[in-house]
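Residues in the sequence shown are numbered consecutively from 221, following the numbering used here. Built from N, CA and C at the ideal position, the CB exists for glycine as well. These numbers were taken from a predicted model, which means no experiment stands behind them. First comes the structure, then the notes that go with it.
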Amino acid sequence: MALCSAGIAVEIREVDLKNKPVHLLAISPKGTVPVLQLVNGDVLEESLVIMNWALTQADPEHWLNANDEAESLIKWNDVEFKYYLDRYKYADRYPEFPQDYYRQQAARFLIELNERLKRNRYLCGQQISIADVGIFPFIRQFASVDREWWQDSPFQVVNNWLQSFVESELFTLVMKQQR
Ligand SMILES: N[C@@H](CCC(=O)N[C@@H](CS)C(=O)NCC(=O)O)C(=O)O
Numbered sequence: 221m222a223l224c225s226a227g228i229a230v231e232i233r234e235v236d237l238k239n240k241p242v243h244l245l246a247i248s249p250k251g252t253v254p255v256l257q258l259v260n261g262d263v264l265e266e267s268l269v270i271m272n273w274a275l276t277q278a279d280p281e282h283w284l285n286a287n288d289e290a291e292s293l294i295k296w297n298d299v300e301f302k303y304y305l306d307r308y309k310y311a312d313r314y315p316e317f318p319q320d321y322y323r324q325q326a327a328r329f330l331i332e333l334n335e336r337l338k339r340n341r342y343l344c345g346q347q348i349s350i351a352d353v354g355i356f357p358f359i360r361q362f363a364s365v366d367r368e369w370w371q372d373s374p375f376q377v378v379n380n381w382l383q384s385f386v387e388s389e390l391f392t393l394v395m396k397q398q399r
């Protein structure tokens, strides 16, 4: 979405993670996706780095104009929330605790987002920022683990915010391009 918003053309190469292409491992030995190789040969190996790079080229909607809160929210998402999200999604692989426990732990982040979105339209204020775009795909995953639970959860404000991104023109466009 950041690349598209910045108007940067990319060639998308789908990767089979069970059979990683030699070229991928040659330019990025850690072997995770996404990876972006620039025309000058530089390689960006983290999605957040790719987003920041793209928006530094062009940022028509001022996604980078948020304060430091955007960075700390993204960190909370990437470290703690993602940890519990993975366990909530694949609870059978983590039998130490029941699925409910992982959901409850993950929900601490949801409580924060819900409070923020009660005050403002977006996570860091009245304007969209990199925090919204970087975080909503993970909330989308969380919501789809147990749709029924999500629909009746206390996170309706988050749900409305999520829906506005899922139904947005930009998201629809980039999801089509990936197919
Ligand atoms: N923090 C990294 C995470 C990348 C990541 O873990 N990607 C997963 C797919 S969503 C992956 O490539 N896993 C490698 C594997 O399963 O071998 C980023 O956002 O770029």
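Residue i vs residue j beta-carbon contact at 8 Å
{"i": "residue 351", "j": "residue 290", "result": "yes"}
{"i": "residue 275", "j": "residue 268", "result": "no"}
{"i": "residue 365", "j": "residue 224", "result": "no"}
{"i": "residue 329", "j": "residue 301", "result": "yes"}
Reduced DSSP category for residue i - H, G, I as helix; E, B as strand; rest coil
{"i": "residue 257", "result": "strand"}
{"i": "residue 235", "result": "coil"}
{"i": "residue 251", "result": "coil"}
{"i": "residue 310", "result": "coil"}
{"i": "residue 377", "result": "helix"}
{"i": "residue 264", "result": "strand"}
{"i": "residue 345", "result": "strand"}
{"i": "residue 221", "result": "coil"}
{"i": "residue 281", "result": "coil"}
{"i": "residue 401", "result": "Residue numbering for the chain in the displayed model covers 221 to 399; residue 401 lies beyond these limits and cannot be assessed."}
{"i": "residue 286", "result": "coil"}
Inter-residue spacing [alpha-carbon to alpha-carbon] between residue i and residue j
{"i": "residue 280", "j": "residue 317", "result": "45 Å"}
{"i": "residue 303", "j": "residue 354", "result": "16 Å"}
{"i": "residue 234", "j": "residue 253", "result": "9 Å"}
{"i": "residue 367", "j": "residue 309", "result": "12 Å"}
{"i": "residue 332", "j": "residue 398", "result": "31 Å"}
{"i": "residue 163", "j": "residue 324", "result": "The structure shown has nothing for residue 163, since the chain only spans 221 to 399."}
{"i": "residue 377", "j": "residue 273", "result": "30 Å"}
{"i": "residue 371", "j": "residue 259", "result": "45 Å"}
{"i": "residue 322", "j": "residue 388", "result": "30 Å"}
{"i": "residue 257", "j": "residue 347", "result": "30 Å"}
Residue i beta carbon near ligand 2 (any heavy atom closer than 7 Å)
{"i": "residue 357", "result": "Ligand 2 is not among the ligands present in this structure, which contains only ligand 1."}
Nonlocal neighbours in the same chain, by C-beta distance under 7 Å from residue i, ignoring five residues either side
{"i": "residue 426", "result": "No answer is possible for residue 426: the residues shown for the chain start at 221 and end at 399."}
{"i": "residue 305", "result": "326, 358, 361, 362"}
{"i": "residue 271", "result": "222, 350, 354"}
{"i": "residue 307", "result": "314, 322"}
Short CB-CB distance (under 8 Å) between residue i and chain D
{"i": "residue 242", "result": "Looking at the structure shown, chain D is missing, and only one protein chain is on hand."}
Cβ shell of residue i (< 6 Å), same chain only, five flanking positions each side left out
{"i": "residue 265", "result": "248, 255"}
{"i": "residue 381", "result": "337"}
Q.
Any residue with its C-beta under 5 Å from a non-hydrogen atom of ligand 1 counts. Can you list them all in chain order?
A. 237, 252, 253, 266, 267
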